[in-house]
Amino acid sequence: MSNNQIQSLSFIDGVEDICQENAATFSGGRIILYNGANQTGTSVSFTGGRIASLSRFGFDNRTSSIEITNNQTWQLWVNPNFEGNDVIYGKGKYNLKGLYNNNISSLSER
Ligand SMILES: [Ca+2]
Numbered sequence: 002m003s004n005n006q007i008q009s010l011s012f013i014d015g016v017e018d019i020c021q022e023n024a025a026t027f028s029g030g031r032i033i034l035y036n037g038a039n040q041t042g043t044s045v046s047f048t049g050g051r052i053a054s055l056s057r058f059g060f061d062n063r064t065s066s067i068e069i070t071n072n073q074t075w076q077l078w079v080n081p082n083f084e085g086n087d088v089i090y091g092k093g094k095y096n097l098k099g100l101y102n103n104n105i106s107s108l109s110e111r
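In this note's numbering, the protein residues as written are 2 to 111.
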């Protein structure tokens, strides 16, 4: 890869970070799901509401860590349609453990 290509990729990463910060500012809060531990890897974010199935976002059974901003509280289930074991998180950064790691299929803001 040439230096020009590396610089281009870095620029794209910077743009994505700026867009995510703006999304948080405008929405007042959100949950971000990451497929890697410690808030790394591919991510998808939601500003509120109820998401009955993460499969339509390409994120079913893929979440390994999360971040919740602005004092929102979210409930996460291991099955679609808000069924099965669930866990509740408030503002902060968390790694999902055991049954919940790579198993979240639906979620709802509380
Ligand atoms: Ca699941």
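Cβ coordinates follow ideal geometry from the N, Cα and C atoms, glycine included.
Rounded to whole angstroms, what's the CA-CA distance from residue i to residue j? Just pull it up for me.
i          : j          : result
residue 62 : residue 55 : 8 Å
residue 19 : residue 45 : With a pLDDT of 43 at residue 19, under the threshold of 50, the modelled position of that residue is not reliable, and no figure is offered here.
residue 89 : residue 48 : 16 Å
residue 72 : residue 43 : 23 Å
residue 29 : residue 38 : 25 Å
residue 95 : residue 57 : 23 Å
Please go through the same chain and pick out, in chain order, the residues whose beta-carbon is closer than 7 Å to the beta-carbon of residue i, but skip the five residues on each side of it.
i           : result
residue 50  : 110
residue 1   : Past the edges of the chain, shown from 2 to 111, lies residue 1, and the structure says nothing about it.
residue 104 : 62 and 79
residue 106 : 54, 55, 61, 62, 78, 79, 80 and 81
residue 70  : 25, 30, 31 and 92
Take residue i and list the residues in its own chain whose beta-carbon comes closer than 8 Å to its own, dropping the five residues that flank it on each side.
i          : result
residue 35 : 41, 42, 43, 44, 64, 65, 66, 67 and 68
residue 52 : 58, 107, 108 and 109
From what residue to what residue does the beta strand (DSSP E) around residue i run?
i           : result
residue 47  : 41 to 47
residue 101 : Unbroken run through residue 101: none, as it is neither H nor E.
residue 85  : 84 to 90
residue 76  : 75 to 80
Measure the Cβ-Cβ separation of residue i and residue j and say whether it is below 8 Å.
i           : j          : result
residue 77  : residue 87 : yes
residue 74  : residue 91 : yes
residue 100 : residue 32 : no
Point to revise | Shell residues, 6 Å Cβ cut-off relative to heavy atoms of ligand 3 | key: The model on display carries ligand 1 but not ligand 3.
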